[in-house]
Structure formats: C-alpha cells, structure tokens
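Structure, as structure tokens:
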Amino acid sequence: MQYDVVIGLEVHAELKTQTKCFCSCKNTYGDLPNSNCCPVCMGLPGALPVLNKFAVEQTVRAGLALGFEINKQALFERKNYFYPDLAKAYQISQLEKPICINGHLKVFDKEIPINRIHLEEDAGKLVHKDNVSLVDYNRAGVPLIELVTDALKQPHIESADEAIEFLTKLRQIYIYAGVADCIVEKGQMRADVNVSLKPKGSSEFGTKVEMKNIMGFKAVHRAITYEIQRQKEILDEGGVIEQETRKWDNDKGESYTLRTKENSEDYRYFPDPDLLMVNIDQKDIDRIKDSMPILPAQLKEKFMNEYGLSEYDSDVLLADKEVCDFFIACLEDYFKPKTVANWVITEVLARQKLEGKILVSKENLVWIIKAVDDKKVQRLAAKDLLSDIWGTTLSAEEQARKKDILADLSTDFVLEVIEKVVKEKSGVVEQFKREKDPKILNFLVGQVMKETRGKANAQAVLQKLTDMLK
Ligand SMILES: [Zn+2]
12 MQYDVVIGLE VHAELKTQTK CFCSCKNTYG DLPNSNCCPV CMGLPGALPV
62 LNKFAVEQTV RAGLALGFEI NKQALFERKN YFYPDLAKAY QISQLEKPIC
112 INGHLKVFDK EIPINRIHLE EDAGKLVHKD NVSLVDYNRA GVPLIELVTD
162 ALKQPHIESA DEAIEFLTKL RQIYIYAGVA DCIVEKGQMR ADVNVSLKPK
212 GSSEFGTKVE MKNIMGFKAV HRAITYEIQR QKEILDEGGV IEQETRKWDN
262 DKGESYTLRT KENSEDYRYF PDPDLLMVNI DQKDIDRIKD SMPILPAQLK
312 EKFMNEYGLS EYDSDVLLAD KEVCDFFIAC LEDYFKPKTV ANWVITEVLA
362 RQKLEGKILV SKENLVWIIK AVDDKKVQRL AAKDLLSDIW GTTLSAEEQA
412 RKKDILADLS TDFVLEVIEK VVKEKSGVVE QFKREKDPKI LNFLVGQVMK
462 ETRGKANAQA VLQKLTDMLK
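Read in this note's numbering, the sequence shown has 50 at position 39, and its numbers run on one by one without any break.
Rendered as structure tokens:
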C-alpha cells in the first residue's frame, strides 16, 4: 500500500547568553561539574527565580528571524515531573502563551509552517560511569528555546531528507542571528521527531509515534527512515500503530518503546506563581528587528545577484559562518567576488575542515590572491605559499621573497633571457621555423622558464617567442 508520511519536529536550542534563565549563574560549557550552580537552579526551598531579560530578547530575535508573530504577553508555567537531573521536580516552561507563534521556514520549495517557539530552562546532565550515575547541574537552568513545527497545517515535512534540510537551515539561521551556537556535539541543539503514516491522499492523520534521544543530524535521518519502514510493515500486515514514545538506539540502529500514551495533561502544567506575566513592548520588538544581523537567505541572494556567484558556491560559503565571514572580510580588501570565493572554497575551506579553524589572516590571503592575479606568483607556488604560512605568524610577502618565488616582471630581464635562449638553441629555432611544430615552441618556453627559475609568466613568454620567430 502507498502512504503519505507526516513528520513533526521539536527542536531544542540552548540560547547564547552570559547567564542562566532565572539566576545569575554562568551559562558556559565544559566547566568543572556542579561549579555553576546556586539555590535557584538547584531548586532549594525559598529560592526565587528572576527572569533573564536577555534570554527573552534572544527568543524574540529567533522568532523574528523565522517570521514569527511575537506575543505581547507571555506566560511561564511549571511542567511537573520527576527525574534526577531536575532538582526542582518541575521545569519552568511555556504552554499556553509562548513568546513566538506562527512562523515558517523554507525547505527546498516548501514553506514549512512552525507552530511556536517557547522559552524554557534546560535540565542537568546525567553521566553514567561503571556502576554509578552522576549528575552535573551546570546545565540546569540554561535558557533553552523549543521550536515545534505545525503538522496540522500544509505543507508537511514528508521525508528524512526534508527533515535534515529543515534542521540544517534552522541551525544556520540561529547561528547567523546570533541566537545560539548550535554545536550539535555539545548537545546545544537537539531534535525530537514524530512520524505518522496515512493512506495516500487521505485527509485523516495516522497515529503519531515520537522518538527521543536522537543525537546528531545523521542519527535523525536514520531514525526517521527506520520509523517509516517500521510503521509501513505494521500497516501492511493490517496491524495498528500504537501512540507511544520510542527511544532511538543509534548503535543498534533501532528504536524501542520508552512509554505509551503521554500527553500534556500528565505534566499538570500551571502558571508559575513565582514569575510575573512577561510584557513585550512593540518598541523592543522593533529595536530587535532593526538590529538583526544579515541572515543566510539575504546573503545568498546578494552572493548570487550582486556578486555573480553560483548557487552551489553560495551555499558552500554560507554553510559555515566562520568561512562566510572570512570571505566577506577578504572582499573588503579585494573586491573580486568570484576569484576570492574560488580561493576560499578550494584552498581555505579544505584546510579549515582539517584544522577546525581558519588559520590565515585575510591580509595574507588577499596578498596571495592578488600576487597570482598580477602574475607575480605562479598558482602552484601560491598554494604552497599558503600552506607555508597557514597557522604561523609569517607574512605571505616576506615568505614569498624568502622562497624567491616572486616573478621578476621587468620585461627587459625576461626579454634578455628569451634572446639568450634563441641564440643558444639556434638549431632548435631553425627546426621550428621549418616545421612549425608547437611542441618545439613549448620546449623553448620551457627553456626560458628554467632560466628564470619559473618566475616569468609562461603565457607572456610564449607570446613573445611566437612574435619573434614569425
Ligand atoms: Zn543558578
């Protein structure tokens, strides 16, 4: 039987802020366990939360970047459940009045509707070692935004590929907007997925199965593909899909039941009596809108329409903000977008991927590109030069002089060498005049290049020789 697939995403991203969401503990990653905690984020009796205004601002910024409406009044509620990483036994979250509603994100050629973005606090982290489990509360209270797609509206996310494209685009927008770093390996961006199948063309939705514990985009792709296949097989055999939450085991490449039939009522949400209603002024929304950094979609348009880059090159540059920023910075010094893009994509990106960071200054790269354009340095020698100075404090120009690869452009000098070669190789010259074989001419060019130790411009030498031997 043929089925329509409907995929819903819930994406959590840790906000970039100095401090946690409801206390002044530092929001950092990798510090000594339990070193950034206080009575508020540990949930000790009598401690009162104070809302971090900047966390609200960052949530609004995320919403505006994705075309959301901003609720002028937002409410914080308690989501009650027990787990060892949640000292308070409730999480401060938002249910009824989230900060952002009704957004969208373009995935391939579909505008995927997004229901909401709400602000909540993260839980601590459990570390399992041998026979013990340890808990680190440094992450408890870190501001987190949760985005939920709207599977009730068309168009839907219908495949694993579309889900990955959605997550990739979303991550890019958060990073460019300065809202979150979204380093997936650090758990700064996490996605839960729900999948349902319905007979092709049917308007009635199938039963939703949620999947949790999916680490990384590749795992999301695998988990979705697995779940679609699992449901297909059950339905094809006339079975019934049970509403449940499944846990994805990436090592085994399969999922298993975590719990069945859970919904929001089970969490006994109620307004947090310790926190006031949040009022968001239009003038604050306008200010955040006006200060929005340039976003990937706008940059892509600029790269393609103003700079004449291909769509592929634009996408490659935009995929990594460090690379994109570096490209733009280089253009400030040398506005040759296609040439610079070429160097950044082929030479800089390959090295950055290897080292995890760009280790050359824009001044040095621009010097090298210009030197090649001005025919002062041969292309191959320039690539070696880039390797030489990569990760060092050497200057490209000094290193080029030291290596003696700078072309001597004085025509007199090159001309002298050409004349010398023509005189010395008179036999070959005569042969060329008789046979007009371009191979012989190339041999003579080679001789000149050898004499000048590769510093002459081969193209110019060829031209000169052709003229001379006519
Ligand atoms: Zn704290």
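Glycine included, every Cβ here is placed at the ideal spot set by N, Cα and C. What you are looking at is a predicted structure, and each value in this text was computed from that prediction instead of being measured.
- Within the stretch 283 to 333, the alpha helix (DSSP H) runs of at least 4 residues that lie entirely inside it are, in chain order, 293 to 301, 307 to 316 and 322 to 329.
- Annotated three-state conformation of PRO210 is strand, per DSSP.
- Collapsing the DSSP output to three states places ARG270 in a strand.
- Listed in chain order, the non-local C-beta contacts of GLN102 below 7 angstroms within the same chain comprise LYS90, GLU131, GLU132 and ALA134, local neighbours out to five positions each way being set aside.
- Rounded to the nearest whole angstrom, the C-alpha separation of GLY264 and MET226 is 12 angstroms.
- The stretch 217 to 224 and the stretch 349 to 366 do not touch, with fewer than three beta-carbon pairs separated by less than 8 angstroms.
- In this structure, VAL146 has its beta carbon at no less than 7 angstroms from each heavy atom of ligand 1.
- For the pair GLN13 and THR236, the Cα-to-Cα distance works out to about 16 angstroms.
- Residue pairing by DSSP places GLY19 opposite ASN205 in a beta bridge.
- In the three-state reduction of the DSSP assignment, LYS381 falls in the helix class.
- Between the stretch 283 to 293 and the stretch 321 to 340 there are fewer than three inter-stretch CB-CB distances shorter than 8 angstroms, so the stretches are not counted as touching.
- Excluding sequence positions up to five before and after PHE119, its CB lies within less than 8 angstroms of the CB of GLU173 and GLU176, all in the same chain and listed in chain order.
- Within 7 angstroms of the C-beta of CYS193 there is not a single heavy atom belonging to ligand 1.
- By the Cβ neighbour-count rule, ILE128 is buried, with 16 or more other Cβ atoms within 10 Å of its own.
- Short of 8 angstroms from the beta carbon of LEU208, and not among the five residues preceding or following it, lie these beta carbons of its own chain, in chain order: TYR14, ASP15, VAL16, VAL17, GLY217, ILE239, GLN242, LYS243, LEU246 and ILE252.
- Taking the Cα positions, ILE400 is about 7 angstroms away from SER406.
- If you ignore the 5 residues before and after CYS36, its C-beta comes within less than 7 angstroms of the C-beta of THR30, ASN47, CYS48, CYS49, CYS52 and GLY152, all in its own chain and listed in chain order.
- Scanning ILE296, ASP478, ASP203 and GLU435 for the CA closest to the CA of LYS258 turns up ASP203.
- A direct Cα-to-Cα measurement between GLY189 and PRO304 gives close to 8 angstroms.
- Remark: the shortest separation between the CB of GLY152 and any heavy atom of ligand 1 falls under 7 angstroms.
- The beta carbon of ALA418 lies closer than 7 angstroms to those of LYS386, LYS387, VAL388, LYS466, ALA467 and ASN468 in the same chain, with the five residues before and after it left out.
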